[in-house]
Amino acid sequence: MTYAFRNRAFQISFLVNLGLMIYALALASWYGTWLQALIIGLPSLLVPYGLYRLLGDHTLSRIAYGFSYMIFSALHIHQGAGMIELHFGIFVLLALLIVFRDWLVIVAAAALIAVHHLSFMYMQAAGAPVFVFPAASLSFGIVMLHAAYVVVEALVLVAIAVFSLSEARQAEYFLRATDQMVDADGKIWLGELPIDKHTELTRKFAGVIAKLRSTIAMIDQSSGALKSETEQLVDQGNSMAQDMSDEAAQVDTIASATEQMSATIRDLVALSEQVLAMAGEQQQASQSGQASVGTMKETILELSQTLETTKSKVNGLAESTSDIRGVLEVIQSIAEQTNLLALNAAIEAARAGEHGRGFAVVADEVRSLASRTHQSTGEIQSMIERLVQSGDESVESVGASIARLQSTIEVANESHAWLDKISEHASSVLESAGTMSSTLAQQGAASEEIAHSANRLNLLSSALNQKGIRVVEIAQDTEEVSSRLKKEADQFRYQGDV
Numbered sequence: 001m002t003y004a005f006r007n008r009a010f011q012i013s014f015l016v017n018l019g020l021m022i023y024a025l026a027l028a029s030w031y032g033t034w035l036q037a038l039i040i041g042l043p044s045l046l047v048p049y050g051l052y053r054l055l056g057d058h059t060l061s062r063i064a065y066g067f068s069y070m071i072f073s074a075l076h077i078h079q080g081a082g083m084i085e086l087h088f089g090i091f092v093l094l095a096l097l098i099v100f101r102d103w104l105v106i107v108a109a110a111a112l113i114a115v116h117h118l119s120f121m122y123m124q125a126a127g128a129p130v131f132v133f134p135a136a137s138l139s140f141g142i143v144m145l146h147a148a149y150v151v152v153e154a155l156v157l158v159a160i161a162v163f164s165l166s167e168a169r170q171a172e173y174f175l176r177a178t179d180q181m182v183d184a185d186g187k188i189w190l191g192e193l194p195i196d197k198h199t200e201l202t203r204k205f206a207g208v209i210a211k212l213r214s215t216i217a218m219i220d221q222s223s224g225a226l227k228s229e230t231e232q233l234v235d236q237g238n239s240m241a242q243d244m245s246d247e248a249a250q251v252d253t254i255a256s257a258t259e260q261m262s263a264t265i266r267d268l269v270a271l272s273e274q275v276l277a278m279a280g281e282q283q284q285a286s287q288s289g290q291a292s293v294g295t296m297k298e299t300i301l302e303l304s305q306t307l308e309t310t311k312s313k314v315n316g317l318a319e320s321t322s323d324i325r326g327v328l329e330v331i332q333s334i335a336e337q338t339n340l341l342a343l344n345a346a347i348e349a350a351r352a353g354e355h356g357r358g359f360a361v362v363a364d365e366v367r368s369l370a371s372r373t374h375q376s377t378g379e380i381q382s383m384i385e386r387l388v389q390s391g392d393e394s395v396e397s398v399g400a401s402i403a404r405l406q407s408t409i410e411v412a413n414e415s416h417a418w419l420d421k422i423s424e425h426a427s428s429v430l431e432s433a434g435t436m437s438s439t440l441a442q443q444g445a446a447s448e449e450i451a452h453s454a455n456r457l458n459l460l461s462s463a464l465n466q467k468g469i470r471v472v473e474i475a476q477d478t479e480e481v482s483s484r485l486k487k488e489a490d491q492f493r494y495q496g497d498v
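Residue numbers (full-length UniProt numbering): 1 to 498.
Here it is in structure tokens:
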């Protein structure tokens, strides 16, 4: 398996070798070891690079760089005549090999430098023109001491390499997974990922991606369904809000009409109370009228009886006047006869002469008395005639009055009957007015309750309208959220996408 970090490791190692080559040339200029620097340094620089270019990330290419590090270290030590300080490069370069995260490279390099130290120690001790330690420090014990440090460092580096390789594999897996997941258009593909059997974390990550894939698929489907449902909800909410607004307007109209009806009923209640009061007054008036008509009827009856009595008395007076007229006629006749007798006596006295003068005086007196009597009886008769005429007129007037009284009695009876009917009607009107007043009062209370209920219904309708508007706003927000969620879900691709 090729890892991307290895490419960077080869690049770093080549640059390190290039630096080591430059350092070897610098030491050559100082110690005059140009031939060794070129013969050993150039192959150490070029051979690993050539293997990498030829084989790529291959074990041989990685070990070649590990060997080149140690060869450059041996070259530098040889150029410095075994200077102890130059041995530090071995430890530094061993540490740099961790960049490959390959324990085999570290072990190979450590083994190579160990072989170098042992072989060159014996060669230097035998007088060969090679250097590994200063002559004063050349001993097997020094070699073992250096070897111990190398072994310890190598063991630590091997452990680090093993752990870092696992981490690098995970990082490489995640890098490739994310590179595979992200399309050129920036969308994320959640397909099946290859599982690296070497790490538990990558297996868990593959499981998470699989779970995320199913979750995103569900979110995508759910967001699409949610968007469709919220669009319908928004439409229905708008329709409901409009209906509730119309209903609120109707309820407001009903409330206004109910208020007007309640006010009208209150006016009718007031009028019914006035009608009830007037009906009561009318009943009392009709009852008073009945009493007055009854009293008037009794008075008229008494007056009629009085007039009848007066008529009888006037008739009796007329009869008495007739009797008086007869008596006056007798007196008139007697006066006329007396006047004739006095005239005869005067005549006889005149005949008697002087002897009849006294009788003549008496006769004149009698005649004068008879004349006055005749005159008085005439006057009395005239008066009686006038009295009779007045009596007749009185009788006629009394008769007419009695007739009018009879008519008045009949009218009074009719009035009494009408007043009875009026009283009955007034009682009915009073009862009806009471019933109407009670009914209107109940209707007024009911209309007041209806008005209050209509007002409460209006308030409730307004509150429901506001809630409906809020529901529409929430639905619109939900639609916007579902649209954003659908848009975000569309950023992911999974198996089953077209």
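Glycine residues also receive a C-beta, built at the ideal position from the N, C-alpha and C atoms.
When rounded, the separation of the alpha-carbon atoms in V269 and H416 is 33 Å. Beta-carbon to beta-carbon, A108 and L75 are separated by about 18 Å, too far to satisfy the 8 Å threshold. If you ignore the 5 residues before and after V234, its C-beta comes within less than 7 Å of the C-beta of V472, A475, Q476 and E479, all in its own chain and listed in chain order.
When the Cα atoms are used, L165 and L35 turn out to be separated by approximately 39 Å. Assigned with DSSP and collapsed to three states, Y149 falls in helix. Contact between N17 and L45 is confirmed by a C-beta separation of about 5 Å, below the 8 Å threshold. The alpha carbon of A4 has as its nearest neighbour, out of A360, S397 and A168, the alpha carbon of A168. A residue is called buried when at least 16 other Cβ atoms come within 10 angstroms of its Cβ; N344 does not meet this threshold and is exposed. The beta carbons of H374 and N339 sit closer together than 8 Å. Non-local C-beta neighbours of A28 in its own chain, meaning closer than 7 Å and more than five positions away in sequence, comprise W34, A37 and Q79, ordered along the chain.
Taking a cut-off of 8 Å on C-beta distances, the segment 384-393 does not touch the segment 286-306, as fewer than three cross pairs fall below it. By the C-beta density criterion, F72 is buried, having at least 16 other C-beta atoms within 10 angstroms.
For F5, the secondary structure class from DSSP, reduced to helix, strand or coil, is helix. In this structure the segment 443-462 lies against the segment 259-269, because at least three pairs of beta carbons, one per stretch, are closer than 8 Å. When DSSP states are grouped into helix, strand and coil, T33 belongs to the coil group. Residue burial annotation: G82 is buried, with at least 16 other C-beta atoms found within 10 angstroms of its C-beta. In this structure V132 is buried. Its beta-carbon is surrounded by 16 or more other beta-carbon atoms within 10 angstroms. When DSSP states are grouped into helix, strand and coil, P129 belongs to the coil group.
In the assembly as shown, A277 is an exposed residue. Its beta-carbon has fewer than 16 other beta-carbons within 10 Å. Judged by DSSP secondary structure, R62 falls within the alpha helix (DSSP H) whose first and last residues are T59 to Q79.
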